[in-house]
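Chains as they are written, first to last, in numbering that gives the first Met the number 0: chain A, 0 to 345; chain B, 0 to 345. Glycine included, every Cβ here is placed at the ideal spot set by N, Cα and C. Every value quoted in this text rests on a predicted model; they were computed, and no experiment measured them. What follows is a short report on a single structure.
Number of protein chains: 2
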Amino acid sequence: MSKLTLEEVAKLAGVSRATVSRVVNKPERVSPKYRERVLKVIEETGYQPNQAARMLVSRRSNILGLIIPSRADLIFTDPYFAALITGISRACNMHDYTLALFVFHSQEEQDQVYQRALGTGLLDGLIVTADKITDPLIPQIIARKIPAVYVGRPLDKAYTSFVDVDNVAGAYMAVSHLLRLGYQRVATITGPMSSTTSMDRYEGYTKALAERDRSIEDNLVVYGDFTRDGGYTAMRQLLPHHPDAVFVATDTMALGAIQAIHEANLTIPDDIAIVGFDDLSPATIADPPLTTIRQPVNQNGMLAVETLIDLLETGPVPPRHTILPTQLIIRATCGAMKFNNGNYVP
Amino acid sequence: MSKLTLEEVAKLAGVSRATVSRVVNKPERVSPKYRERVLKVIEETGYQPNQAARMLVSRRSNILGLIIPSRADLIFTDPYFAALITGISRACNMHDYTLALFVFHSQEEQDQVYQRALGTGLLDGLIVTADKITDPLIPQIIARKIPAVYVGRPLDKAYTSFVDVDNVAGAYMAVSHLLRLGYQRVATITGPMSSTTSMDRYEGYTKALAERDRSIEDNLVVYGDFTRDGGYTAMRQLLPHHPDAVFVATDTMALGAIQAIHEANLTIPDDIAIVGFDDLSPATIADPPLTTIRQPVNQNGMLAVETLIDLLETGPVPPRHTILPTQLIIRATCGAMKFNNGNYVP
DNA sequence: ACCTTTTTTGAGAGCGCTCTATACACATAT
DNA sequence: ATATGTGTATAGAGCGCTCTCAAAAAAGGT
Numbered sequence: 000m001s002k003l004t005l006e007e008v009a010k011l012a013g014v015s016r017a018t019v020s021r022v023v024n025k026p027e028r029v030s031p032k033y034r035e036r037v038l039k040v041i042e043e044t045g046y047q048p049n050q051a052a053r054m055l056v057s058r059r060s061n062i063l064g065l066i067i068p069s070r071a072d073l074i075f076t077d078p079y080f081a082a083l084i085t086g087i088s089r090a091c092n093m094h095d096y097t098l099a100l101f102v103f104h105s106q107e108e109q110d111q112v113y114q115r116a117l118g119t120g121l122l123d124g125l126i127v128t129a130d131k132i133t134d135p136l137i138p139q140i141i142a143r144k145i146p147a148v149y150v151g152r153p154l155d156k157a158y159t160s161f162v163d164v165d166n167v168a169g170a171y172m173a174v175s176h177l178l179r180l181g182y183q184r185v186a187t188i189t190g191p192m193s194s195t196t197s198m199d200r201y202e203g204y205t206k207a208l209a210e211r212d213r214s215i216e217d218n219l220v221v222y223g224d225f226t227r228d229g230g231y232t233a234m235r236q237l238l239p240h241h242p243d244a245v246f247v248a249t250d251t252m253a254l255g256a257i258q259a260i261h262e263a264n265l266t267i268p269d270d271i272a273i274v275g276f277d278d279l280s281p282a283t284i285a286d287p288p289l290t291t292i293r294q295p296v297n298q299n300g301m302l303a304v305e306t307l308i309d310l311l312e313t314g315p316v317p318p319r320h321t322i323l324p325t326q327l328i329i330r331a332t333c334g335a336m337k338f339n340n341g342n343y344v345p
Numbered sequence: 000m001s002k003l004t005l006e007e008v009a010k011l012a013g014v015s016r017a018t019v020s021r022v023v024n025k026p027e028r029v030s031p032k033y034r035e036r037v038l039k040v041i042e043e044t045g046y047q048p049n050q051a052a053r054m055l056v057s058r059r060s061n062i063l064g065l066i067i068p069s070r071a072d073l074i075f076t077d078p079y080f081a082a083l084i085t086g087i088s089r090a091c092n093m094h095d096y097t098l099a100l101f102v103f104h105s106q107e108e109q110d111q112v113y114q115r116a117l118g119t120g121l122l123d124g125l126i127v128t129a130d131k132i133t134d135p136l137i138p139q140i141i142a143r144k145i146p147a148v149y150v151g152r153p154l155d156k157a158y159t160s161f162v163d164v165d166n167v168a169g170a171y172m173a174v175s176h177l178l179r180l181g182y183q184r185v186a187t188i189t190g191p192m193s194s195t196t197s198m199d200r201y202e203g204y205t206k207a208l209a210e211r212d213r214s215i216e217d218n219l220v221v222y223g224d225f226t227r228d229g230g231y232t233a234m235r236q237l238l239p240h241h242p243d244a245v246f247v248a249t250d251t252m253a254l255g256a257i258q259a260i261h262e263a264n265l266t267i268p269d270d271i272a273i274v275g276f277d278d279l280s281p282a283t284i285a286d287p288p289l290t291t292i293r294q295p296v297n298q299n300g301m302l303a304v305e306t307l308i309d310l311l312e313t314g315p316v317p318p319r320h321t322i323l324p325t326q327l328i329i330r331a332t333c334g335a336m337k338f339n340n341g342n343y344v345p
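Right, dumping it as structure tokens:
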């Protein structure tokens, strides 16, 4: 059996190459008679067009790249990325795009990986998690005019499209909830301040306090690093300053904080109340179950892909920004339940 | 600035297209004089060859596909896959291959995803997690003669290359350890028996018992599903039959089992001892810390990639099988520590 | 100095596809 | 009967690269 090409199929169907191409790409533009005949041959031979040839002329690969500029070992253990990748891959499947994954495991790998992702013209577009605001990646993407959508707000709004959740509002909601419940010394464990996500959540914290004329006490603000261990360490720093409630910027860190609180023989929420952020698996596994801010991570991922595909198909357009809402999920760690027979009415 | 092609670079360097191509691909076959000149132009212009054109003629894409035939939501929350993907992506980076990810979220998506992965000729080769032994994927891959390496032993050894850990030996080690410590009623929570991994671990369990002339008690064998909840449910089924030790086929399930034991107001290891399998994050997070079998997941992933690349470069060769060893990691749940002032000497 | 061998360069074909421009039916209008 | 239009098929160019093969240049031998 000779190599199965368009040419071959055309010969077998007794039509020209172009006709077969049309049957494959825009079947409605071929008369039913020929279309049937060609489809039959395709069916029989199991013909599938060569991607490379197709890419070469059409300049489209139907491959999207996902770049996650964080250390790979952190990425895959973090339930946030798990949910995000799930959403992204799902949307890719839905739209018949293939997903290529770009992560690096060391600083040295970074350049080489970026090169591969940006340089080869292999990818139609890029989804980038806008993790570190100083990452050299974003300027490169802009300079090369590669279609990209960021997950999370990058600093540069003018030249970038992104999808994000309303972190400020979410954090504000969390802290307001604690204040409303009467807590006096509301602390926060933030993420690394090199990410806009952390910045925004911190802003929500300050906003909620400011709105009630509370001042920010420096001792009650500790910087974490998004990991469980980081949350643990941060909480231990916080304990000597006797917070009666803590807004922890991620559920994963909250898990560490809870451990630190338990080890100090304090109870949650009676001695210290906790509100987290994310509402992913750690929130329900936590003991007691975590009051938290739910963010639609999965949906965010899907939306990023859909935005990107839209950008791809409609050509250069002004950057598009989508902000999804968050939601307060009340469980046991904020203490709201105990005020009202286990039913909290805001 | 006109389109940056080989042609263009050749013109700027005052050489032929072929020479530039040679500089890019096999620089040692070009005289230093020309090589320098061409490299300089490449440097200045930032030229990068078009992947599509390259693929078309060389029939190589430098893209590997990773197919994980499990529900996507399970994959990304499972620390096993986290470690595996980390290893795989790392090896891909090292060898300058791009990784494309193929997962599906529903049964309907499956076919379409397989089609995309197998049909388009886009991929040089495939890494497949040999999860479900009945998956239609493997026969398809064999039929199409697509270079592939499986992670985990597939049923068909004759036509497949794979890397795996020695699950039989690992499980045997775990159960022997428990028996040596004197436990009388050693139960097991297995994985789903549709996977060779689960089959092998169960075989190790039976082998250890048989070797000591213990019979397998049906009540002490419960089938789990690799999830934490599954482990919890399985343990609750087991409790009425009073096991004094349990070999749980994965750490994640062990987490659920531990929860069930605690809820029954039993203590670990005094009332029931536990040995897990994997030694990934759940093992150290567990309370008490989990005695388990360490398997080199990360390394396994890297090895899979390296085997595949080797296959790709050396052409059709007989299938290659690699089995990595496992290791017993003694922590608190097996009770070994308490026999000897916290120091276990086997 | 000339011929042979070896190394290096260049010309040209062609990978499999898409797409534009052109040719060709066939139906309808003149 | 010829002109006009409409839909549909084909011819042919070309996407950017690699690779073979022949030509040219350099090196070595007598």
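- Of the candidates A/A256, A/T251, A/S175, A/L65, A/T251 places its Cα closest to the Cα of A/L279.
- A/F276 and A/R16 have their C-alpha atoms some 57 Å from each other.
- Less than 8 Å divides the Cβ of B/A82 from the Cβ of B/N297.
- Interface residue (Cβ-Cβ distance to chain A less than 8 Å): B/R213 is not classified as such.
- By the C-beta criterion, the stretch 158-165 of chain A is judged to be in contact with the stretch 283-300 of chain A, since at least 3 inter-stretch pairs fall below 8 Å.
- If you look at B/A142, you'll find it in the alpha helix (DSSP H) that goes 136-142.
- Its chain contains no residue whose beta carbon lies nearer than 6 Å to that of A/K39 once the 5 sequence neighbours on both sides are disregarded.
- The Cβ atoms of A/L3 and A/L63 lie no closer than 8 Å to each other.
- Beyond the five residues adjoining it in sequence on each side, A/T187 comes within less than 6 Å, by CB distance, of Y204, V220, F246 in the same chain, given in chain order.
- A/T119 reaches chain B at Q47, Q50, counting residues in chain order whose Cβ is nearer than 7 Å.
- Counting only runs of 3+ residues, the beta strand (DSSP E) found wholly inside the stretch 115-197 of chain A occupies 124-128, 147-150, 160-164, 185-189, in chain order.
- Residue pairing by DSSP places A/F101 opposite A/I66 in a beta bridge.
- By the criterion of a C-beta distance shorter than 8 Å, A/T306 is surrounded in its chain by V148, S160, V162, R319, T321, once the five residues flanking it on both sides are discounted.
- When the beta-carbon positions are compared, B/T332 and B/P287 come within less than 8 Å of each other.
- Bounds of the alpha helix (DSSP H) holding B/G229 are 227-237.
- Restricting attention to B/I292, B/G314, B/T313, the CA atom closest to the CA of B/I328 is found in B/I292.
- In this structure, A/I126 and A/I87 form a Cβ contact; the two beta carbons are roughly 6 Å apart against a cut-off of 8 Å.
- Not a single C-beta of chain A is nearer than 8 Å to the C-beta of B/P281.
- A/H94 sits in coil when the DSSP states are folded into three classes, being neither helix nor strand.
- Nearest neighbour of A/Y158 by Cα position, chosen from A/S175, A/D110, A/Q139, turns out to be A/Q139.
- Against A/Q298, chain B offers no close residue; the least beta-carbon distance is about 14 Å (beta-carbon pairs closer than 8 Å).
- Within chain A, the residues whose beta carbon sits less than 7 Å from that of B/A81 are F75, T76, listed in sequence order.
- Membership of B/H320 in the beta strand (DSSP E) is indicated by the continuous run 320-323.
- Of B/R184, B/A335, B/L310, the smallest CA-CA separation from B/I145 is found for B/L310.
- For the pair A/V29 and A/G120, the Cα-to-Cα distance works out to about 32 Å.
- Between B/C91 and B/L100, the C-beta gap is not smaller than 8 Å, which leaves the two residues out of contact.
- For A/R293, DSSP records a beta bridge to A/D277, A/Q326.
- When the alpha-carbon of B/M336 is set against those of B/T76, B/S60, B/T290, the nearest one is in B/T290.
- In this structure A/G230 does not touch A/T189 by the C-beta definition: roughly 11 Å separates them, more than the 8 Å allowed.
- Ranking B/E6, B/P324, B/L5 by CA distance to the CA of B/G169 puts B/P324 first.
- B/V19 is bridged by DSSP to nothing; it lacks a bridge partner.
- A/Y96 sits close to A/N61, with the two beta carbons spaced by under 8 Å.
- Classified as exposed, A/A263 has fewer than 16 neighbouring CB atoms from the shown chains inside 10 Å of its CB.
- Taking CB atoms only, A/A170 has no neighbour in chain B less than 8 Å away.
- Per DSSP, B/Y46 lies in no alpha helix (DSSP H) segment and is marked neither H nor E.
- With respect to B/L55, A/A51 sits close: the two C-beta atoms are nearer than 8 Å.
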